Amino acid sequence: MRLTLLRKALRDDRRAILGWTVGVAAFLLVYLPFYSEFAEDTAGAEEMLEVIPEGMRTAMGMQELFTGAGFLESMVFNLYGPLLLVVYAVVLGNRAIAVPEESGRLDQLLALPISRQRYVHERLAALTIEVVYLTAVLCAIVLAFAVGLDMGVALGNIVAISVGVGLLALLFGTLTVAVGGLSGSRGLGLTVTGAVAVGTYLVHVLSDAGAELVEPLRWASPFHYYLDADPLRDGIPLGSYAVLLGVIIILAVAATVTFERRDIGV
Amino acid sequence: MSAVVRTSGLGKSYGRFRGISDVTMEIERGEVFGFLGPNGAGKTTTIRLLLDLLRPTAGQATIFGLDVHRDGVAVRSRIGYLPGELPDVGRERARNLLEFFAQVHGGVPHQRITDLAERVGLDLDRKVRGLSKGNRQKVGLVQAFMYAPELLILDEPTSGLDPLVQQTFLAMVREAREAGQTVFMSSHVLDEVQQVADRVGIIKDGRLVTVEPVAQLLHHTPRRVHIRFDGPVPTAAFTGLAGVRELSVEGSVVRCVVDGPLDELVRTAARFTVVDLLSTEPDLEEMFLRHYSEESDHAADPAT
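Keeping their order, the protein sequence lines are chains A and B. So for the first sequence, the numbering used here puts the first residue at 2; every next one is plus one. So for the second sequence, the numbering used here puts the first residue at 27; every next one is plus one.
Given below as structure tokens:
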């Protein structure tokens, strides 16, 4: 298989990928150096945190700032890292079907000797590569700081939690592709994925905060499978990550099946 | 002769006013088939059904004897398609975009792309996004022709092209036919179809109104006749002749429109001294307008 479409997608997304690389790198390069200050002034770091109300602290994923693991979770892995990567994956996921369909470009592509199934699969493969790439960038920069600032976190565990961020981003990106495959509407793609991402994140933090109403829904939030097993301290949680991967595969199949059956550009 | 494109009872209903119904036609190998109709008549819908972009709600379509859905990839690998409007195709240079299309089609000799581009006057180094509509159309044309496909499906091929390039395009269509390729082209510009098509299908409000050889269509199309005599002629001599309408006799000049053969008019005119006779080429445009205006007249005035 020549993967012509996959290569074309990567070529077309080049600028966006570069922009996001710069953005993620800039975020990390600005915030990660603060660790040395917190580590030196443990009391100050705790004082700073106490100023923030506990509910808000939980919602923002802030924990202790003076240990390496706590600092990385607070700054990168609880909220901002997943947020950046999920938005990136959703934006690129929308470019697989919905964006070209609304511009009419999809007509030209599908008039070529390409099956719908092949089209979706190559676009999903491109999305996967793009997510893996930015996750690797994030992981590499965090690893560099963890070593440089002597954070005392097992490097393997940083890789483990990064894999989780990547899976989470890929899940929401694939959801966007699936909504595009079903509807062909870029607006719907963003709305549905945005609502699901924010909703499931809220379920996660609210049940963390002890809200009994949402606690039974905890299992339905992807964030549960990403964070609750504590990969930064305990390494890759195979079971939880398998759930995320399973959902990604189900969404990919849904995207393929729905896209195969419908009219294009109506 | 075997049919390259065959539709039977093909229908697609969607929206309230769009769609086609009961389109049945056969396009033979090596012919140029003109698909005429005003905007919104269902030309593009028909083409998109043939390309499996839409799924029919009735009937079926085969190309090369293969089902356009089940064997879609095999069918489309033998088709060159020019969309009605080449969409925003990104930042790439025309050359790179064409090479991408070529790769998906399993490769096209480099020289072929260059030759075609030169022929239509396309600068391959320019970025597609910045191109004018006419220049984008050239990218689309090069793309459709470069595969040397067995079947060309061209949706409004000349829209946006300047007259010189239009002539080049028509020459390319003729060459394609000579090379044994089949051409299915939609248009609402009758002149171009008249120049190259062997047969014409006219679609209106989603229904195929007629399919005829161009020659036959021309045969029963009206022609405008202008005769000048060496002196005044009596109006009475020309009234009531078969097929003559819109008659006006002013002194030595007779003007009228004739449907069908000119025979009776010419015989009558020969009784006087004819100085000059001008019969304007029968024209699909006129034929076409009548086809539609008659219908709309009926609609507007139930008394007729």
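Beta carbons: idealized from backbone N, C-alpha and C, even for Gly. As the structure is a prediction and not an experimental result, all values here were calculated from the model.
Nonlocal neighbours in the same chain, by C-beta distance under 8 Å from Thr201 (chain A), ignoring five residues either side | Here residue 201 (chain A) corresponds to residue number 200 of the first sequence, with the count starting at 1. For Thr201 (chain A), where only same-chain residues beyond five positions count, the Cβ hits under 8 Å are Ala221, Ser222, Pro223, Phe224.
Mind listing the chain B neighbours of Ile265 (chain A)? Cutoff is C-beta to C-beta under 8 Å, in chain order.
-> As a position in the first sequence, residue 265 (chain A) is number 264, starting the count at 1. Per Cβ cutoff of 8 Å: Arg74, Leu79, Leu80.
Express the C-alpha separation of Leu93 (chain A) and Asp14 (chain A) in angstroms, rounding to a whole number.
-> Along the first sequence, read from residue 1 onward, the residue named residue 14 (chain A) stands at position 13. Along the first sequence, read from residue 1 onward, the residue named residue 93 (chain A) stands at position 92. Straight-line Cα distance between these residues: approximately 8 Å.
Could you confirm whether any beta carbon from chain A is found closer than 7 Å to the beta carbon of Gln129 (chain B)?
-> Within the second sequence, numbered from 1, the residue matching residue 129 (chain B) stands at position 103. By this cut-off, Gln129 (chain B) is an interface position.
Does DSSP put Tyr40 (chain B) in a helix, in a strand, or in coil?
-> The count along the second sequence starts at 1 and reaches residue 40 (chain B) at position 14. Coil at Tyr40 (chain B), not helix or strand.
Boundaries of the beta strand (DSSP E) in which Lys153 (chain B) is found, first to last residue | Here residue 153 (chain B) is taken as the residue at index 127 of the second sequence, counted from 1. From DSSP, Lys153 (chain B) is part of no beta strand (DSSP E); its letter is neither H nor E.
Would Leu252 (chain A) pass as a contact of Thr175 (chain A) if the rule is Cβ separation under 7 Å?
-> As a working note, residue 252 (chain A) is residue 251 in the first sequence. As a working note, residue 175 (chain A) is residue 174 in the first sequence. In this structure, Thr175 (chain A) lies closer than 7 Å to Leu252 (chain A) by Cβ.
Check each residue of the stretch 111-127 of chain A: if its Cβ is closer than 9 Å to any Cβ of chain B, include it; give the result in chain order.
-> Leu111, Ala112, Leu113, Pro114, Ile115, Ser116, Arg117, Arg119
Give the straight-line distance between the Cα atoms of Arg55 (chain B) and Thr83 (chain B), rounded to the nearest whole angstrom.
-> The count along the second sequence starts at 1 and reaches residue 55 (chain B) at position 29. The count along the second sequence starts at 1 and reaches residue 83 (chain B) at position 57. Between Arg55 (chain B) and Thr83 (chain B), the C-alpha separation is close to 27 Å.
Run the CB neighbour count on Leu30 (chain A), radius 10 Å, all protein chains shown included, and call it buried at 16 or more, exposed below.
-> On the first sequence, residue 30 (chain A) is found 29 positions in, with the first residue counted as 1. Exposed: under 16 other Cβ atoms inside 10 Å.
Is there a Cβ from chain A that is less than 7 Å from the Cβ of Phe195 (chain B)?
-> Position 169 of the second sequence, counting from 1, holds the residue named residue 195 (chain B). No - not a single Cβ of chain A is within 7 Å of the one on Phe195 (chain B).
Should Ile139 (chain B) be labelled buried (16 or more other beta-carbon atoms within 10 Å of its own) or exposed?
-> By 1-based counting over the second sequence, the position of residue 139 (chain B) is 113. The residue in question, Ile139 (chain B), is buried, as its Cβ has 16 or more Cβ neighbours within 10 Å.
Selection from B:Leu196, B:Val154, B:Ala202 that minimises the alpha carbon distance to Pro175 (chain B) | Counting from one through the second sequence, the residue named residue 175 (chain B) turns up at place 149. Of B:Leu196, B:Val154, B:Ala202, the residue nearest in Cα terms is B:Ala202.
For Val191 (chain B) and Gly156 (chain B), believed in contact at Cβ under 8 Å, the rounded distance = Numbered from its first residue, the second sequence carries residue 156 (chain B) at position 130. Numbered from its first residue, the second sequence carries residue 191 (chain B) at position 165. With a Cβ gap of about 19 Å, Gly156 (chain B) and Val191 (chain B) do not count as contacting.
Going along the chain, which unbroken runs of the alpha helix (DSSP H) with 4 or more residues stay wholly within the stretch 81-158 of chain A?
-> 81-95, 99-104, 106-111, 117-149
Check distances from the C-beta atoms of the stretch 81-111 of chain A to those of chain B and list, in chain order, the residues that come in under 7 Å.
-> Ser104, Gly105, Arg106, Asp108, Gln109, Leu111
Please confirm if Ser103 (chain B) has its CB atom under 7 Å from at least one CB of chain A.
-> Working through the second sequence from its first residue, we reach residue 103 (chain B) at position 77. Taking Cβ atoms only, chain A reaches closer than 7 Å to Ser103 (chain B), which makes this a yes.
Which of the three DSSP states, helix, strand or coil, is assigned to His214 (chain B)?
-> For the purposes of this step, residue 214 (chain B) is taken as residue 188 along the second sequence, with counting starting at 1. In the structure shown, His214 (chain B) sits in coil (DSSP, three-state: anything other than H, G, I, E or B).
First through last residue of the alpha helix (DSSP H) which encompasses Ile7 (chain B) | In the structure as shown, chain B starts at 27 and stops at 330, and residue 7 (chain B) therefore has no counterpart that could be examined.
Indicate the three-state DSSP secondary structure (helix, strand or coil) for Gly190 (chain A) in the structure shown.
-> Position 189 of the first sequence, counting from 1, holds the residue named residue 190 (chain A). Three-state DSSP puts Gly190 (chain A) in a helix.
So, is the C-beta of Thr5 (chain A) closer than 7 Å to a C-beta in chain B?
-> In the first sequence, the residue the question calls residue 5 (chain A) occupies position 4. Chain B contact via Cβ: present.
Any idea what DSSP makes of Arg15 (chain A), helix, strand or coil?
-> For the purposes of this step, residue 15 (chain A) is identified with residue 14 of the first sequence, where counting begins at 1. Correct three-state label for Arg15 (chain A): helix.
What are the start and end residues of the beta strand (DSSP E) that includes Arg281 (chain B)?
-> Looking up residue 281 (chain B) in the second sequence gives position 255. Segment 279-284, the beta strand (DSSP E) holding Arg281 (chain B).
Short CB-CB distance (under 7 Å) between Pro113 (chain B) and chain A | Residue mapping note: residue 113 (chain B) aligns to position 87 of the second sequence, counting from 1. Cβ-Cβ to chain A under 7 Å: yes for Pro113 (chain B).
Nearest chain A C-beta to Tyr173 (chain B) closer than 7 Å, yes or no?
-> Along the second sequence, one-based indexing puts residue 173 (chain B) at 147. Tyr173 (chain B) does not count as touching chain A.
Just the Cα atoms here: how many angstroms apart are Thr50 (chain B) and Gln169 (chain B)?
-> The count along the second sequence starts at 1 and reaches residue 50 (chain B) at position 24. The count along the second sequence starts at 1 and reaches residue 169 (chain B) at position 143. Computed Cα separation, rounded: 29 Å.
Which runs of the beta strand (DSSP E) fall wholly inside the stretch 230-262 of chain B and span at least 3 residues, in chain order?
-> 233-239, 249-255
Go ahead and pull the three-state DSSP assignment for Thr1 (chain A).
-> The structure shown does not extend to residue 1 (chain A), since chain A spans only 2 to 267, so no value can be given for it.
Comparing the C-beta of Val235 (chain B) with each C-beta of chain A, is any distance below 7 Å?
-> What you label residue 235 (chain B) is simply residue 209 of the second sequence in a count that begins at 1. For Val235 (chain B), the answer is no, since every Cβ of chain A falls outside 7 Å of its Cβ.
Over what stretch of residues does the beta strand (DSSP E) that includes Tyr107 (chain B) continue unbroken?
-> Here residue 107 (chain B) refers to the residue found at position 81 of the second sequence. Taken as a continuous stretch (DSSP letters only), the beta strand (DSSP E) holding Tyr107 (chain B) covers 105-108.
Taking the alpha-carbon positions, what's the Thr184 (chain B) to Thr261 (chain B) distance?
-> Stepping through the second sequence from its first residue, residue 184 (chain B) is reached at position 158. Stepping through the second sequence from its first residue, residue 261 (chain B) is reached at position 235. The alpha-carbon atoms of Thr184 (chain B) and Thr261 (chain B) are separated by roughly 45 Å.
Of the residues A:Gly56, A:Tyr227, A:Arg3, A:Val88, which one's Cα is nearest the Cα of Ser163 (chain A)?
-> Indexing the first sequence from 1 puts residue 163 (chain A) at position 162. Of the candidates A:Gly56, A:Tyr227, A:Arg3, A:Val88, the one whose C-alpha sits nearest the C-alpha of Ser163 (chain A) is A:Tyr227.
What does Pro109 (chain B) touch in chain A if you count any residue whose Cβ is under 9 Å from its own?
-> By 1-based counting over the second sequence, the position of residue 109 (chain B) is 83. Here the neighbours are Gly105, Asp108, Gln109, Ala112.
Going straight from the alpha carbon of Arg121 (chain B) to that of Gly166 (chain B), what length do you get?
-> Here residue 121 (chain B) refers to the residue found at position 95 of the second sequence. Here residue 166 (chain B) refers to the residue found at position 140 of the second sequence. Cα-Cα distance, rounded: 12 Å.
Identify the residues that DSSP records as bridge partners of Ala84 (chain B): which are they?
-> Along the second sequence, read from residue 1 onward, the residue named residue 84 (chain B) stands at position 58. DSSP output for Ala84 (chain B) lists B:Gly37 as bridge partner(s).
Per-residue DSSP class, three states only, for Leu214 (chain A) = For the purposes of this step, residue 214 (chain A) is taken as residue 213 along the first sequence, with counting starting at 1. Here Leu214 (chain A) sits in coil by DSSP.
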